[in-house]
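Report on the structure given below.
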Amino acid sequence: MAVAETQLYAKVSNKHRSRRTSVLLEPLLAKGFPAHIAQKALAATGQKTVEDAAKWLHSHCNDPSLDDPIPQEYALYLCPTGCLHNYLVEFWKESKRQCGKNRAHEIFPHITLCDFFTCEDQKVELLYDTLKRVGESFSQLFPPSISLSLHSSTSYLGFFIDDRHANILKDFALAFSSEASAVADCHVKPCLKQLHLTLSHKFYPHHQKTLEQLAKCINPGETCQWVATLYSRDMRFVHYQTRRALFQYKPQNIDELMINAGDFIYVDPTQQSDVSEGWVIGTSHRTGCRGFLPENYTERANESDTWVKHREYVFVTASRLFIQTENEPNLKSNGEVQNPSMSRSVTKVLSLQNAILRRGVLVMRHGERVDQVFGKSWLQQCLTADGKYYRADLNFPSTLPKRKDSMKHFEYDPPLSCCGIFQSRLTGEALLDQEVPVSYVYSSPALRCIQTAQHILQGLKLDQKVKIRVEPGLFEWTKWEASRVIPNFMTVTELVEASYKIDTSYRGNFPLSSLVPSESYEEFVSRSSAVIKQIITACPRKGVILIVGHGSSLTSFTRPLIGLPIRDSRDFAQVVRKVPSLGMCFCEELQEENKWQMVNPPVKMLTHGANAAFNWRNGIMDD
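In terms of my numbering, the sequence shown opens at residue 1216 and continues consecutively.
Okay, structure coming up:
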């Protein structure tokens, strides 16, 4: 990479330095960082906070290129938001599912205004000022809606911008490029050819018809706010493949790369010929270090996943939203009926996508428990004479976790059956397919709930990132406990030793000692209301809070959250009996109204039939 780096150095070696100092720079200089390195960190993190820049510097302490004067590359995009963006994202997902990945999937929906250009780190703030000034000067000229017309060829599918509107966008791009070039001493080239919003690019010709049908389900007149956004990327890795780490890898040799789950790795396909099979050599986006790593620890990511969003200017448009009802066909102006199933799918996805922009609470019952299938005496069925566990049926778990006290405590704290494990994993995979952003996981202390949470996280591929908070207050109504005492649950230490991903730093809102045997209905309702409020308060970050509890959890936690009165205890019992394994409810926060509402869960329910025990001797051998 020496020749390429020499060319990059040549771009910046003769340029004079700006004397303007960022307000974020001073704290970094006070920490002892050299100015050019501090400016590099600020540029690499979007000049957002001192903390982000300091974290970047700490991560890149062993980066061999830290002192290299290589700037970021910047581009100005016009990006849709709102309903049109959601429809475009749905097209991205559906086209990838039906036709596989094409070049357009590497980047989010956008119209290119100014293609990538370099800018010295200390002058990036001048680009921000320019974007704001030019945006304000065009705010009254920007069209109330942008006219988009679908264009298709054997290798390209996308929307072309109407000339009237395109000319305004080109004038905006030209004004930004002229002023940015002058004040930031960089060469910015505006896009003056046909402006377009790409849907698919470089796909197989036999996929053209399918992609066109999907594209015709997008209404380009949907409500949209257009945002002029400045992005940056690391110019050294433009032609590299971007990969995402699925698991942590700790180096065994000095030439291997340390990676954490979620890290992005740049891999040059031209440098892999001499690498051992199953391995790649790559550079970590997080640390800047380079080394070998196992390829099966990673998956392909999108090129834009590592881009940094710097600043944006929002143009308000006046397009109106039209969403058909489920029973109405979608008619175009020429009377052609569009695909109604796609429209319904998009509407449902919009509902979910709008929900996950806010905080959400997903309350779920545990999976099938082993005593649900084999009865209360299940443990006696699978213990040998000397008290060792064996698998008496394929639906029994293959092993039981070790606990220091008697194995007989499993009788009142039963594990999941193998079908329960499958149910949980399948639900997690469905949540992953719908891209549900689970940020927190809470579980009842019951083993079946903790196991359900663990396998859902594995299905979500989050088991290495999100840990389970065991909350005793989530346990079911203790009056329903057959033993009339609080079960002897596994301790946090035992759970960790059994490889469950437990948040050992979490301290429950309700200690185990506060659970009262045979509590009254009023006590249970009060406990449930208090614990859900405390969980909501403890989870301020946007995303989904997953709560794995019992059949009673679905009503006892959601009704107080959405402001409904408590049910009569008899009605409550009737409702709970109907909740199946992995039954779920989903609530989303309406922050602007300071309330929560219940909406459709992000995934479908799992339904299956019973499978009774079978003995081949009965009926087969008998006459």
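Idealized CB from N, CA, C, for every residue including glycine.
### Query
In this structure, what does DSSP give as the bridge partners for residue 1306?
Paired residue(s): none; residue 1306 is not in a bridge.
### Message
Check whether the segment 1573-1586 and the segment 1763-1783 are in contact - that is, three or more C-beta pairs closer than 8 Å.
### Response
yes
### Query
Measuring CA to CA, which of 1463, 1294, 1517 and 1512 is closest to residue 1453?
1517
### Query
Is the segment 1370-1381 touching the segment 1332-1350, taking contact as three or more C-beta pairs under 8 Å?
no
### Task
Could you pull the start and end residues of the alpha helix (DSSP H) that residue 1594 belongs to?
1593-1596
### Query
Touch check for the segment 1250-1258 and the segment 1282-1300: three-plus C-beta pairs under 8 Å?
yes
### Message
Measuring straight from C-alpha to C-alpha, what distance separates residue 1305 and residue 1435?
### Response
14 Å
### Unbroken stretches of the beta strand (DSSP E), 3 residues or longer, contained in the segment 1666-1690
1683-1685
### Task
Provide the residue span of the beta strand (DSSP E) that contains residue 1457, from first to last.
1456-1460
### Query
Among residues of its own chain, excluding the 5 on either side of residue 1470, which ones have a beta-carbon nearer than 8 Å to its beta-carbon?
1506 and 1507
### Task
Compute the distance between the beta-carbons of residue 1214 and residue 1326, then report whether it is under 9 Å.
Only positions 1216 to 1838 of the chain appear in this structure, which leaves residue 1214 out of reach.
### Task
With DSSP as the reference, label residue 1271 as helix, strand or coil.
helix
### Query
Since residue 1372 contacts residue 1426 with CB under 8 Å, what's their CB separation in whole angstroms?
5 Å
### Ordered list of beta strand (DSSP E) runs contained in the segment 1768-1837, each at least 3 residues
1799-1805 and 1810-1814
### Message
Please report the distance separating the alpha-carbon of residue 1524 from that of residue 1445.
### Response
6 Å
### Task
Grab me the residues of residue 1253's own chain with a C-beta within less than 8 Å of its C-beta, minus the 5 sequence neighbours each way, in chain order.
1240, 1243, 1244, 1268 and 1272
### Query
Taking the alpha carbon of residue 1576 as the point to measure from, which residue in 1800, 1302 and 1591 has its own alpha carbon closest?
1800
### Message
Just verifying my parser: in three-state terms, what is the DSSP assignment at residue 1650?
### Response
coil
### Query
Are the beta-carbon atoms of residue 1530 and residue 1442 separated by less than 9 Å?
yes
### Status (buried if at least 16 other CB within 10 Å, exposed otherwise) for residue 1815
exposed
### Message
Check for me: the alpha helix (DSSP H) holding residue 1394 runs from which residue to which?
### Response
1378-1398
### Message
Taking contact to mean 3 or more Cβ pairs, one atom from each stretch, closer than 8 Å, check whether the segment 1635-1649 and the segment 1665-1677 are in contact.
### Response
yes
### Task
Could you pull out every residue in the same chain whose Cβ sits closer than 8 Å to the Cβ of residue 1486, ignoring the five residues on either side in sequence?
1496
### Query
Nearest to residue 1421 by alpha carbon, out of 1369, 1375 and 1464?
1369
#### Entry: Alpha-carbon to alpha-carbon, residue 1590 and residue 1829
16 Å
### Task
Within the same chain, show all residues whose beta-carbon is closer than 7 Å to that of residue 1731, passing over the 5 residues directly before and after it, in chain order.
1693 and 1738
### Task
Please confirm if the segment 1716-1727 is in contact with the segment 1681-1691, defined as three or more CB-CB distances below 8 Å between the two stretches.
yes
### Query
Is DSSP giving residue 1451 helix, strand or coil here?
helix
### Message
For a test of the three-state rule: what should DSSP assign to residue 1474, helix, strand or coil?
### Response
strand
### Query
Out of 1608, 1617 and 1689, which has the shortest C-alpha to C-alpha gap to residue 1585?
1608
### Query
Where does the unbroken alpha helix (DSSP H) through residue 1710 begin, and where does it stop?
1707-1712
### Same chain only: Cβ atoms within 7 Å of residue 1625, ignoring 5 sequence neighbours per side
1594 and 1615
### Query
Mind pulling the alpha helix (DSSP H) runs of 4 or more residues that sit fully within the segment 1393-1440?
1423-1430
### Task
Output yes or no for whether 9 Å exceeds the beta carbon distance between residue 1654 and residue 1688.
no
### Task
Could you tell me whether the Cβ atoms of residue 1405 and residue 1429 are closer together than 9 Å?
no
### Task
Consider the Cβ of residue 1495: report whether some Cβ of chain C lies at a distance smaller than 9 Å.
Among the chains of the structure shown, chain C does not appear; only one protein chain is present.
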